[in-house]
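Final position of the sequence shown in the UniProt record's numbering is 343; the numbers increase by one with none missing. From the three backbone atoms N, C-alpha and C, an ideal C-beta is built for every residue, glycine too.
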Amino acid sequence: MDFSLRCNSLKCRTPLSDRAVVTTCSHIFCEPCSETLGLANPNGTRVCPACETHLANPDDAVVTQLNPTEDYKTSVLSGLSPSIIMECAGRGLAFYSYQTTQEIVYQEFLARSLTDKYSSLSTHLDKVIHEANSEITGLREKLAGMHMEQKALEEKNHQLVEAFREKSKTQQQLQKLYQALKQQQLAAGMEIAADNDAEHTLKAADVAQRDHRFRQSRAGSRGSSGGLGQSRTVNDFAAQMNSRASMAPARNMQVPSTPSGTRQRLPLYGANGSVMSQSQHGGLQHSSTYRNTLHDLDPNVYGNSNGAGHGFSAGMKVGRQPNAPVNRSGISSAAGFGRPIVR
Numbered sequence: 001m002d003f004s005l006r007c008n009s010l011k012c013r014t015p016l017s018d019r020a021v022v023t024t025c026s027h028i029f030c031e032p033c034s035e036t037l038g039l040a041n042p043n044g045t046r047v048c049p050a051c052e053t054h055l056a057n058p059d060d061a062v063v064t065q066l067n068p069t070e071d072y073k074t075s076v077l078s079g080l081s082p083s084i085i086m087e088c089a090g091r092g093l094a095f096y097s098y099q100t101t102q103e104i105v106y107q108e109f110l111a112r113s114l115t116d117k118y119s120s121l122s123t124h125l126d127k128v129i130h131e132a133n134s135e136i137t138g139l140r141e142k143l144a145g146m147h148m149e150q151k152a153l154e155e156k157n158h159q160l161v162e163a164f165r166e167k168s169k170t171q172q173q174l175q176k177l178y179q180a181l182k183q184q185q186l187a188a189g190m191e192i193a194a195d196n197d198a199e200h201t202l203k204a205a206d207v208a209q210r211d212h213r214f215r216q217s218r219a220g221s222r223g224s225s226g227g228l229g230q231s232r233t234v235n236d237f238a239a240q241m242n243s244r245a246s247m248a249p250a251r252n253m254q255v256p257s258t259p260s261g262t263r264q265r266l267p268l269y270g271a272n273g274s275v276m277s278q279s280q281h282g283g284l285q286h287s288s289t290y291r292n293t294l295h296d297l298d299p300n301v302y303g304n305s306n307g308a309g310h311g312f313s314a315g316m317k318v319g320r321q322p323n324a325p326v327n328r329s330g331i332s333s334a335a336g337f338g339r340p341i342v343r
């Protein structure tokens, strides 16, 4: 198999199979590159793009047919002497040998470049692999540590679950104890409330019974005595109040005032001041002869209707209570006599 020539332009490197431009400096180019690089310009200065040799003669760069016809092969060397034919053949072989050598050098350079690139890529790949292995090792160690931590956490979680169960049991026991104490307190409260209700009911029944007995005794005393004890008790009370009122003027007599222009004695208030008044001759007389009726007095309070000797005449003295209201006659009203004061 014959060696295939290529365009000597480093940017092209196209395999040549039909037509090409050859130079006397043993370089060959494709027709597009020859036109681009100025080899096909007949009027300008031509320079070889590969070795920068000046091609001044017209035959220094010619277009050749790489696959000549049989007629061309017959006529191209016909008429030439054997020495010229051998010289042409030698120069053709030298051109072919140079192109082969240049192609080998180019391929070696390309191989060396590729080898260097491969070496750098291999070094980079080894570095990446080493880093990846280091990272994998670190991740494995980290994973192992995480497994250990997971086991520790699982054990701690198990301990916490057991502690929670114990706390739950204790809490349930405390809750049961609390409910029992609460039920006891509620039962005690209900017993106290029931006792209070029973006591209140008994007291209400006792009060009602006493009220009933009091009404029955009052009705019986009214029917038996005929009002004798009541009238006697009222008369005794009125006599005592009149005797006390006759003794009151000694306190209401005018007392010589102190000769001072800034101090004056206050007027007397109450029963003594309202009932008694000073006469023109220095004596005391009643301001009114009006007396309240005693029909509203309770004979069961101020006297006993069961016997005539039991009432105000039985050694009992009745006086006005402190701060009690006083009517016009100087006698406390019936509302102020809740109970007689025994002295």
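- For Thr36, the uninterrupted alpha helix (DSSP H) segment begins and ends at 31 to 37.
- Between Phe109 and Ser26, the CB-CB gap reaches or exceeds 8 Å.
- Burial is judged here by how many other beta carbons sit within 10 angstroms of a residue's own beta carbon; Ile28 has at least 16 and is buried.
- The Cβ neighbour count for Val21, taken over all protein chains shown within 10 Å, is at least 16; the residue is labelled buried.
- Sequence-distant partners of Pro68 (beyond 5 residues in either direction) whose C-beta falls short of 8 Å from its own C-beta, in its chain, are Val76.
- Here the alpha carbons of Glu155 and Phe164 stand approximately 14 Å from one another.
- Cα atoms of Met190 and Glu166: separation of roughly 36 Å, rounded to the nearest angstrom.
- Spatial neighbours of Met148 in its own chain (CB-CB distance under 8 Å, excluding positions within 5 residues in sequence) are not present.
- Pro49 carries a coil assignment under DSSP once its states are collapsed to helix, strand and coil.
- In this structure, the alpha-carbon of Lys203 lies about 41 Å from that of Gln175.
- Following the DSSP letters along the chain, one finds Thr74 inside the alpha helix (DSSP H) bounded by residues 70 to 76.
- Here the segment 7 to 21 makes contact with the segment 58 to 73; the two share three or more CB pairs at distances below 8 Å.
- For Ala50, the closest alpha carbon among the candidates Asn41, Glu87, Thr23 is that of Thr23.
- In the structure shown, Thr101 adopts helical secondary structure according to DSSP, grouped into three states.
- Contact check for Cys48 against Cys30 fails: the beta carbons are separated by 8 Å or more.
- Counting the other CB atoms within 10 Å of its CB gives Leu80 a total below 16, which places it among the exposed residues.
- DSSP, reduced to helix, strand and coil, places His27 outside both helices and strands of the structure shown, so it counts as coil.
- Taking all protein chains shown into account, Cys88 has fewer than 16 neighbouring C-beta atoms within 10 Å of its C-beta and is therefore exposed.
- Thr14: not part of any beta strand (DSSP E); DSSP gives it neither H nor E.
- Phe3 sits close to Thr100, with the two beta carbons spaced by under 8 Å.
- Between His130 and Thr115, the alpha-carbon positions lie close to 22 Å from each other.
- A straight line joining the alpha-carbon of Gln150 with that of Gly138 spans about 18 Å.
- Looking from the CA of Tyr106, the closest CA among Arg13, Ala219, Gln209, His200 belongs to Arg13.
- In this structure, DSSP gives Leu66 a state outside helix and strand, which the three-state scheme calls coil.
- Annotated three-state conformation of Leu55 is strand, per DSSP.
- Per DSSP, the beta bridge partners of Ala61 are Thr23.
- Straight through space, the alpha carbons of Ala188 and Gln172 are spaced by roughly 24 Å.
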